[in-house]
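**Q** Once you've had a glance at the structure underneath, I'll fire off some questions.
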Amino acid sequence: MSVIEKAPGAATLAPTCRCEVVERGPNWLFVRVELSGEPCGVGDRLWEIARSQFVYRLVVEFNADAHADAVYGSKLGHELGALCDRLIERGGALRLCGLSPEAAHVVVSESGCPRLHNHATTHDAVWCGPRCDGDTAAEQTVHARFDEETWRTPPRPHAK
Numbered sequence: 001m002s003v004i005e006k007a008p009g010a011a012t013l014a015p016t017c018r019c020e021v022v023e024r025g026p027n028w029l030f031v032r033v034e035l036s037g038e039p040c041g042v043g044d045r046l047w048e049i050a051r052s053q054f055v056y057r058l059v060v061e062f063n064a065d066a067h068a069d070a071v072y073g074s075k076l077g078h079e080l081g082a083l084c085d086r087l088i089e090r091g092g093a094l095r096l097c098g099l100s101p102e103a104a105h106v107v108v109s110e111s112g113c114p115r116l117h118n119h120a121t122t123h124d125a126v127w128c129g130p131r132c133d134g135d136t137a138a139e140q141t142v143h144a145r146f147d148e149e150t151w152r153t154p155p156r157p158h159a160k
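Okay, structure coming up:
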């Protein structure tokens with residue numbers, strides 16, 4: 001399914017912000033966001049998409065061009081933090097993927113939402129896999145814990 005969300009006044013907003021529903025599963029909505037400028041109300045636009053689809057668990061995948069300097073990342077972090085809180089109130093969740101470690105560090109730290117994290121892939125985002133929030137020490141801890149928890153012993157042969 002490919003639905004493109006367009007904001008009113010698309011002449012000014014469309015070149016800087018585009019939200020596209022990539023996939024709708026039974027529990028998750030996957031939305032690709034292309035930013036090329038200021039966030040332009042992306043949090044409110046994502047909320048409207050979630051409400052219209054009646055799905056309050058979002059995986060937001062950013063394009064590779066999503067840069068985050070201090071002002072831009074702070075604004076995006078505040079918008080996504082507010083969205084995260086709204087979704088949590090409805091029993092939902094917000095997961096990010098596709099942000100560079102530098103951009104993720106700014107966005108996640110400015111969001112004010114302790115549950116908001118950036119992941120390497122959409123699969124990791126859904127299953128709470130390793131995070132890439134730009135905090136190296138925390139990422140190494142998460143990777144080590146993930147490796148310990150997923151380590152499996154080989155099955156034993158059954159006696160006949």
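Heads up: the sequence shown is residues 1 to 160, going by the UniProt record's numbering. All C-beta atoms, glycine included, are put in the ideal place defined by N, C-alpha and C.
(1) In three-state DSSP terms, what is Arg51?
(2) In or out: Ala137 buried (at least 16 other Cβ within 10 Å) or exposed?
(3) Measure the alpha-carbon distance for Gly25 versus Glu61 and round it to whole angstroms.
(4) Indicate the three-state DSSP secondary structure (helix, strand or coil) for Ala82 in the structure shown.
(5) Distance check for Pro101 and Gly81, CA to CA, integer angstroms please.
(6) Using only alpha-carbon positions, find the residue among Val107, Tyr72, Gly77 and Phe30 that is nearest to Tyr56.
(7) With contact counted as at least three CB pairs below 8 angstroms, one residue from each stretch, are the stretch 100–116 and the stretch 74–90 in contact?
(8) Within 10 angstroms of the Cβ of Asn118, are there 16 or more other Cβ atoms? Answer buried if so, exposed if not.
(9) Compute the distance between the beta-carbons of Leu96 and Leu76, then report whether it is under 8 angstroms.
(10) So what does DSSP say about Leu99, is it helix, strand or coil?
(11) Residues in the same chain with beta-carbon distance under 7 angstroms from Leu46, minus the five sequence neighbours each way, listed in chain order, please.
**A** Reading off the structure:
(1) Here residue 51 is taken as the residue at index 51 of the sequence shown, counted from 1. The answer is helix: DSSP assigns Arg51 an H, G or I state.
(2) Position 137 of the sequence shown, counting from 1, holds the residue named residue 137. A caution first: Ala137 carries a pLDDT of 47, below 50, which makes its placement in the model too unreliable to give a value.
(3) As a first step, residue 25 must be located in the sequence shown, where it is residue number 25. As a first step, residue 61 must be located in the sequence shown, where it is residue number 61. About 15 angstroms.
(4) Taking the first residue of the sequence shown as 1, we reach residue 82 at position 82. Helix at Ala82.
(5) For the purposes of this step, residue 81 is taken as the residue at position 81 of the sequence shown. For the purposes of this step, residue 101 is taken as the residue at position 101 of the sequence shown. Approximately 18 angstroms, taken between the alpha carbons.
(6) Reading the sequence shown from its first residue, position 56 is the one you call residue 56. Considering only alpha carbons, the answer is Phe30.
(7) yes
(8) Your numbering for residue 118 matches position 118 in the sequence shown. Classification for Asn118: buried.
(9) Against the sequence shown, residue 96 aligns to sequence position 96. Against the sequence shown, residue 76 aligns to sequence position 76. Cβ atoms of Leu96 and Leu76: not closer than 8 angstroms.
(10) Looking up residue 99 in the sequence shown gives position 99. Three-state result, Leu99: coil.
(11) As a working mapping, residue 46 is identified with position 46 in the sequence shown. If we look at Leu46 and ignore the five residues flanking it on each side, its Cβ neighbours are Cys19, Val31, Leu58, Val60 and Leu83.
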